[in-house]
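Quick note on the numbering used here: the sequence shown kicks off at -9 and runs consecutively.
Note that beta-carbon positions come from the ideal geometry of N, C-alpha and C, so glycine has one too.
Everything below concerns the one structure shown next.
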Amino acid sequence: MRLTPDTTLRVLADGRTLIGGTPLRVVRLSPGGARLVGRWLAGEPVTAPAHLALARRLVAAGLAHPRHGAGPYRPEDVTAVVPVRDRPDELRELRPSLGELDHVLIVDDGSAVPVAGAVARHPSPRGPAAARNTGVRSVTTQVVAFLDSDVVPRPGWLRSLLPHFEDPEVAAVAPRVRSRPGPTARERYEAARSPLDLGPEPAEVRPGGRVGHLPTAALLVRTSVLRSLDGFDESLRYGEDVDLVWRLLEAGHRVRYEPAAEVFHRPRADWPALLRQRFDYGGSAAPLSRRHGEAVAPARLSSWTAAAWTAALTGHPRTALAVATTTAALLPRTLAPAGVPAPEALRLALRGQLGAARMLGQAALRTWWPIALPALVAARPGRTALAALLVSRLRGRPRDIHPLLWCAAGLADDLAYGAGVWHGALRDRTALPLLPAFTGPARPTGPARRNRRPP
-9 MRLTPDTTLR VLADGRTLIG GTPLRVVRLS PGGARLVGRW LAGEPVTAPA
41 HLALARRLVA AGLAHPRHGA GPYRPEDVTA VVPVRDRPDE LRELRPSLGE
91 LDHVLIVDDG SAVPVAGAVA RHPSPRGPAA ARNTGVRSVT TQVVAFLDSD
141 VVPRPGWLRS LLPHFEDPEV AAVAPRVRSR PGPTARERYE AARSPLDLGP
191 EPAEVRPGGR VGHLPTAALL VRTSVLRSLD GFDESLRYGE DVDLVWRLLE
241 AGHRVRYEPA AEVFHRPRAD WPALLRQRFD YGGSAAPLSR RHGEAVAPAR
291 LSSWTAAAWT AALTGHPRTA LAVATTTAAL LPRTLAPAGV PAPEALRLAL
341 RGQLGAARML GQAALRTWWP IALPALVAAR PGRTALAALL VSRLRGRPRD
391 IHPLLWCAAG LADDLAYGAG VWHGALRDRT ALPLLPAFTG PARPTGPARR
441 NRRPP
């Protein structure tokens, strides 16, 4: 195994202090550990079995990413399970891209016209979770690859995914799912902002991290681990893939996101279909919150940061500044034992405040909008913050999309998702998917190799 540094990684104190990852981590190394990590980040492989634990800790913290050799599995060790319902054109497009796989199981989930070549057929639709579980019962290989019928993998996609199973702790890995580009404004928008596209950076999957979940539009899982968890929860119509990934993590396994492998997903047929999809995704938050608690939280921040921004948005800038200044002043003392100099600690404090602002702004427009929008519009500080938030979104706009279309589509996208969250919360009579998660302050840990997470 070799290590590639994460794009956020900063190395301080002659290599003994590492800062980076999402959420931000501060790791203190012993002198010997610092020398090892320095060589690994310079390109040397991790060879000694005794060193693997440290290398995996860096990967788990999001400070580095693994590059494995050939790995233990080949395409012949993989079975693709494809659930399908009434999508003959999409399935016809998918089949040729599966040529490198010897084992493909198509499960017909109650299509109006029976699907030719399906290994199993449900007399009536039971949902994708049930269809996938039906397919898994016939899998005899070490790895199962779940693929939706409306995706098309790029050639060689398995070459970047299978090596991750060289790490016995990794139970699942997923490629990047990109929306297939097209000429219409809707297709261009979805290519830039598909909810299935989790970005170009590799990641250790965890709630609250850079990548907090994975879609089963394309997902590889160890068959034995999947069966030990009894597969997908068939009571979930949406969010069953998120639930599976989080149950894998809760069981002590690790999950990787590998964007070097790509599959293309067919975009929604029209704008109403796109917004309906977003609404349905939002509706899964309530049942997921009952199963996984704070993992579904729309925002994660410290109570002090929340107090500072609440004061700022309610017209108390002096109070906000006092709270933010106090927390910034305390952080250097907290991180000093980890070898973080005061200027760097202050930079982290500022970065944390700005990150919290973006997170709260996103939650305000996406999940909390039925309450947040009227409150923001009612007061001058809120209107200023709302205008700044809308303008800031233009930074991610592709040049081929008109600014007004980008803003309107993005706002409709967020409102549809938030409406789904509220609908699900009212339906299930729970406020859990609406509540933020509050993190505690960072604490000095003393021992040389423990992690610290600034507020």
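* Asked: Can the beta-carbon of Ala119 be found closer than 8 Å to that of Asp223?
  -> yes
* Asked: Since Ser184 and His93 are thought to touch, with beta carbons under 8 Å apart, how far apart are those beta carbons, to the nearest angstrom?
  -> Incorrect: roughly 29 Å between the Cβ atoms, too far for contact.
* To do: Could you tell me the distance, in whole angstroms, from the CA atom of Ala3 to the CA atom of Glu180?
  => 44 Å
* To do: Flag Ala161 as yes if its beta-carbon sits less than 8 Å from any beta-carbon of chain B, otherwise no.
  => Of the chains in the structure shown, none is chain B; there is only one protein chain.
* Asked: Is it true that the region 103 to 121 meets the region 165 to 174, where meeting means three or more beta-carbon pairs spaced less than 8 Å apart?
  -> no
* To do: Work out the CA separation of Leu204 and Leu164 for me, nearest whole Å.
  => In the sequence on display, residue 164 carries Ala and not Leu. Answer to the nearest angstrom: the Cα atoms are 7 Å apart.
* To do: Please go through the same chain and pick out, in chain order, the residues whose beta-carbon is closer than 7 Å to the beta-carbon of Glu80, but skip the five residues on each side of it.
  => Ser139, Asp140, Arg256
* Asked: What is the rounded straight-line gap between the Cα of Ser150 and the Cα of Pro307?
  -> 50 Å
* **Whole-angstrom distance between Ser274 and Gly229, CA atom to CA atom** => 5 Å
* Kindly give me the distance between the Cβ atoms of His55 and Thr12, rounded to whole angstroms, as I take these residues to be in contact under 8 Å. => Contact flag wrong, Cβ pair sits at about 12 Å.
* To do: Could you tell me whether the region 395 to 410 touches the region 353 to 371, using the rule of 3 or more Cβ pairs below 8 Å?
  => yes
* Same chain, Cβ closer than 7 Å to Val201, five either side skipped, listed in chain order -> Leu188, Ala193, Val195, Tyr247
* To do: Enumerate, from N- to C-terminal direction, the unbroken alpha helix (DSSP H) stretches of 4 or more residues contained entirely within the region 91 to 149.
  => 118 to 126
* Asked: What residue does the beta strand (DSSP E) around Leu291 start on, and which one ends it?
  -> 290 to 292
* By a C-beta neighbour count over all protein chains shown, 10 Å radius and 16 as the cutoff for buried, is Thr316 buried or exposed? -> exposed
* Asked: Just reading off the beta strand (DSSP E) that Ala38 is part of, what are its end residues?
  -> Counting along the chain, Ala38 falls outside any beta strand (DSSP E), and DSSP gives it neither H nor E.
* Asked: Can you tell which of Ala318, Ala263, Arg75 has its C-alpha closest to the C-alpha of Pro113?
  -> Arg75
* Three-state class that DSSP yields for Pro165 in the structure shown -> strand
* Is the number of C-beta pairs between the region 413 to 427 and the region 371 to 380 that are closer than 8 Å three or more? -> no
* Asked: Cα separation between Arg166 and Pro143?
  -> 10 Å
* To do: Run the CB neighbour count on Pro197, radius 10 Å, all protein chains shown included, and call it buried at 16 or more, exposed below.
  => buried
* Flag this pair as touching only if the region 99 to 114 and the region 25 to 35 have three or more C-beta atom pairs under 8 Å; answer yes or no. => no
* Asked: Ends of the alpha helix (DSSP H) at Arg389?
  -> From DSSP, Arg389 is part of no alpha helix (DSSP H); its letter is neither H nor E.
* Asked: Within this structure, are the beta carbons of Glu159 and Gly61 separated by less than 8 Å?
  -> no
* Asked: Taking buried to mean at least 16 other C-beta atoms within 10 Å of its own C-beta, is Gly52 buried or exposed?
  -> buried
* Taking Gly107 as the reference, give the member of Gln267, Val71, Gly199 with the closest Cα. => Val71
* Asked: Do Ala162 and Leu238 have their CB atoms nearer than 8 Å?
  -> yes
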